[in-house]
Amino acid sequence: MMRISNNHLIHPASRNGSSTSTETSKWLDAHYDPVANLYTFSSCIALADLHGDGENKLVVGDLGTGSSNMKLKVYRGTGLMSENTLLDLPVGLVSFLMDQHEPRTPAIAVASGPFIYVYKNLRPYFKFTLPPLEVNALEQDVWDQAREDMIDHMTLKEMLEGIRDKADIPLYVRSLRFLMLDPQDMEAFVNLHKQQPIRRQTVITCIATLKKNMADEDAISCLVIGTESNDIYILDPEAFTILSKLSLPSVPTLIDVTGQFDVEFRITVACRNGNIYILRRESPKPKYCIELSSHPVGLVRMGKNVVVGCAEETLQGFTQKGKKLWTASLPAPVTTMGVMELPARGFQAVLVGLANCEVHLYRDKNLLSTIKAPDVVTSICFGRYGREDGTLIMTTKGGGLIVKILKRTAVFDDRDSAPGPPLAQSIRLNVPKKTKLYVDQTMRERENAVAMHRAFQMDLSRLRLAAARAYVKALESSLTPMSASLSEPLKMNAVVQGLGPSFKLTLNIQNTAACRPVMNLAISFLYDESLYSMRTAFFKIPLLVPGLNYPIDTFVECMSDKGISDIIKVFVLREGKSAPLLTAHINMPVSEGLALN
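The sequence shown begins at 308 in the working numbering and counts up by one.
What follows is the structure, given as structure tokens:
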């Protein structure tokens, strides 16, 4: 047996036993509850020693049904220890030390709507409210007039629509809701709400912690929150005042923080516009910007690098200044991401939950381990749980709870990665030094770049001219009476037989498509009627089956005894259309006699 807490025992296989995961030699299946009814994300799950007894508890912000039954749950071992009802959906949850008082027990901060609920010893301790936003002065004046009955509801509607189209500050929620109403409901809405003051309030989108002045694990931490108004706030952990306000070009959705507030810090933020911004202490605006090819769905920090999971099923690594280091392709979309860190071993890797019910472990772009889950994983948390350091906690889409424990004998090797480019590919080649001939040639190209470019353009123009002349000559002389269509999969060539004055003209038409037949086609001939006569100058083509050759025969009579010849043009048309699909020019031979009438 292996002890996770003093009161709850878990009975996995032995340390060297088997596991149901794909990596049987590295993980132990400690616990799985498919009906735990936990619906949460990685941002709403944390491990913390809430009572200072050396045992970490699992703290979860449960989303419930999405509209009700939202709760703050605390697990000890495999059992539910306590729960508190939340008034709104949680968007983030962190544990942090807010003072130096003994015993040193962390507080829990839950971000929900425009509020941060702080719990100390699992009891409500403080509620922080975001500062209100600036109200549109014109909107305020219009509602003041409505409150004093100076304008009716239809005039109010027209004035608010004008403000909405031109104002820089967005309208209040009440105004937007009023503009959505039907005309018969507007008057009652105005009478109900006109006495209430206008207040624009933003909401929290993400939350993290930042050490105040020391990097120690038990140091005091500030709260860092991102809001829907494109702002980042840093809060004092004791007075809960705003220490700093940073601005972003878009709404933050994912956040990662490193450093200390009083010394130097970096805040890495993934925003709703698909970019990642990096903010530093000395700048109120982003210092660096990383432009991604698709929206980020996961963001973690690995040492001095940033690892991003993208919606295009890729995992990408960047430096702190935004330089791209590597890209790894994933077999399925990313559902969640987390950091796996073992300080005692100096090991750090990224856990990536995928939509195909797998969890991949990456170090840089190398796949180290694959864990097969019974359901799609929606949240991941790795750390000390109970008294076990290497514990992996996951929740699933169906509300299940999975606990796995890393064996102490587990070893991760980069060579156990997934099929792909070998590691030797990333080793720099031993490129020889530049020779004197190479340097001289480079200098000559630099000095005569304009003349060399002009000579190249001249030769290219002459080549194009020669090709165009040859093409026109081939068309005029019909050297190859073969044609192919660009809009339809058709190919046709013509063969003329006979010495004259009677000639047999055979057209071979072929459908070059893979499996689609071609129908409703016709053939028409254009010729000089003073020189030639044809028995059939227009006829329909049967259905053309792909791959077969269809010979079509007709006869041509030469009407002249002067020993001259001309071109007969052949057009393949679709019935009801005037533009030909295919055209061929047939150069008729000189007739050896005169046709007898």
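Ideal Cβ positions, reconstructed from N, Cα and C, are used throughout, including at glycine.
Item, Value
"On the criterion of 16 or more Cβ atoms from any shown chain inside 10 Å, does M457 qualify as buried, or is it exposed?", "exposed"
"Output needed for E494: all residues of its chain with C-beta closer than 7 angstroms, excluding positions within five of it in sequence on either side, in chain order.", "H460"
"Pull the bridge partners of H667 from the DSSP assignment, please.", "V659, T677"
"With DSSP as the reference, label A343 as helix, strand or coil.", "coil"
"Tell me whether P858 sits in a helix, a strand or coil according to DSSP, three-state version.", "strand"
"Measure the C-alpha to C-alpha separation of D671 and I562 and round it to an integer number of angstroms.", "20 angstroms"
"Is there contact between the segment 534 to 550 and the segment 399 to 408, where contact requires at least three CB pairs shorter than 8 angstroms?", "yes"
"If distances are taken between C-alpha atoms only, which option among Y540, P559, T565, V564 comes closest to L553?", "Y540"
"Using the beta-carbon count (16 or more within 10 Å), is Y479 buried or exposed?", "buried"
"Ends of the alpha helix (DSSP H) at P490?", "490 to 500"
"Quick one: give me the first and last residue of the alpha helix (DSSP H) that T749 is part of.", "743 to 754"
"Nearest by alpha-carbon distance to V879: which of G629, A844, L855 is it?", "A844"
"Counting pairs of beta carbons, one from the segment 603 to 619 and one from the segment 640 to 658, are three or more of them closer than 8 angstroms?", "yes"
"Per DSSP, H602 forms a beta bridge with which residues?", "Bridge partners of H602: none, in fact."
"Please name the residue in H760, A515, Q508 whose C-alpha comes closest to that of K440.", "Lys is not the amino acid found at residue 440; the sequence shown has Leu there. When only C-alpha atoms are compared, the closest one is Q508."
"Look at the alpha carbon of D720 and the alpha carbon of K628, and state the distance between them as a whole number of angstroms.", "29 angstroms"
"Please report the Cβ distance between V401 and A474, rounded to the nearest whole angstrom; I am assuming they are in contact, meaning their Cβ atoms lie under 8 angstroms.", "About 36 angstroms; that fails the 8 angstroms criterion."
"If you reduce the DSSP assignment to three classes, tell me which class L396 lands in.", "coil"
"Considering only DSSP beta bridges, list what Q567 is partnered with.", "K518, E571"
"Check this for me: beta carbons of E864 and S840, under 8 angstroms apart or not?", "yes"
"Please classify I252: is it buried, with 16 or more other beta-carbons within 10 angstroms of its beta-carbon, or exposed?", "Any property of residue 252 remains undetermined from this structure, which presents the chain solely from 308 to 904."
"Just to confirm my understanding: we take E795, look at its own chain, exclude 5 residues before and 5 after, and list those with CB closer than 7 angstroms. What are they?", "V825, L888"
"Please report how far the alpha carbon of D395 lies from the alpha carbon of G371, in whole angstroms.", "10 angstroms"
"Could you name each continuous beta strand (DSSP E) segment of 3 residues or more that falls completely within the segment 798 to 822, going from the start of the chain to the end?", "809 to 818"
"In whole angstroms, what is the alpha-carbon distance linking W450 and F496?", "12 angstroms"
"What residue from P421, P397, F422, F433 has the CA that sits closest to A414's CA?", "F433"
"Locate the alpha helix (DSSP H) running through F485, then write down its first and last residues.", "480 to 486"
"Short of 6 angstroms in beta carbon distance, which residues of its chain neighbour N580, apart from the five on each side in sequence? Order them along the chain.", "S557"
"Could you check the C-alpha separation between E589 and S551 for me, to the nearest Å?", "11 angstroms"
"Taking 7 angstroms as the limit between beta carbons, can you name the residues of its chain near K378, skipping five residues before and five after?", "D369, G371, E390, N391, T392, L393"
"Note the first and the last residue of the continuous beta strand (DSSP E) segment covering I875.", "874 to 881"
"Just tell me which of G705, L622, D682 has its CA closest to the CA of L674.", "L622"
"Excluding five sequence neighbours on each side, which residues of the same chain lie with their C-beta closer than 8 angstroms to the C-beta of S867?", "S837, L838, S898, L901"
"Rounded to whole angstroms, what's the CA-CA distance from L828 to F846? Just pull it up for me.", "9 angstroms"
"Around the C-beta of M644, are 16 or more other C-beta atoms found within 10 angstroms, so that it is buried, or is it exposed?", "buried"
"Please report the residue range of the alpha helix (DSSP H) in which K473 lies.", "460 to 473"
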